[in-house]
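Presented below is the structure to which this report refers.
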Amino acid sequence: MRMGTLNVYKREGMRNDDLVWTLSGHQGSDWHEALVDIGGACYQIIFEGVVGPSYLSDLAVDDIFFSKGTCCQLKQDLI
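Heads up: the sequence shown is residues 21 to 99, going by the numbering used here.
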């Protein structure tokens with residue numbers, strides 16, 4: 021079974037979307053965490069799910085959290 025792709029883009033103003041994170045393929049049945057440094061002052065975040073070749077291809081996104089600072093700072097605060 022081939023799974024699709026999850027892409028995350030950052031859009032600032034009228035500029036082109038910048039791909040900031042992507043993950044493809046089968047990831048198992050457990051939930052996975054991803055931390056992405058975005059940077060910038062005013063932007064939109066776009067989540068794009070690209071289906072795989074099979075009707076069994078699926079993905080899920082849950083518990084999205086935005087915070088000021090870098091991912092390294094956030095990890096230290098959570099410890």
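Note that beta-carbon positions come from the ideal geometry of N, C-alpha and C, so glycine has one too.
Reference residue i, options the options, closest by Cα
| i | options | result |
| --- | --- | --- |
| L79 | W51, K88, Y29, W41 | W51 |
| G45 | A54, G33, P73 | P73 |
| V71 | M34, A54, C62, L43 | L43 |
| A61 | F86, G24, T25, V28 | F86 |
| Q47 | R31, Y75, T90, M23 | M23 |
For residue i: DSSP bridge partner residues
| i | result |
| --- | --- |
| W51 | W51 is not bridged to any residue. |
| I66 | Y29 |
| S44 | T25 |
| D38 | K30 |
Short Cβ contact (7 Å threshold) for residue i with residue j
| i | j | result |
| --- | --- | --- |
| V40 | F67 | no |
| L26 | G69 | yes |
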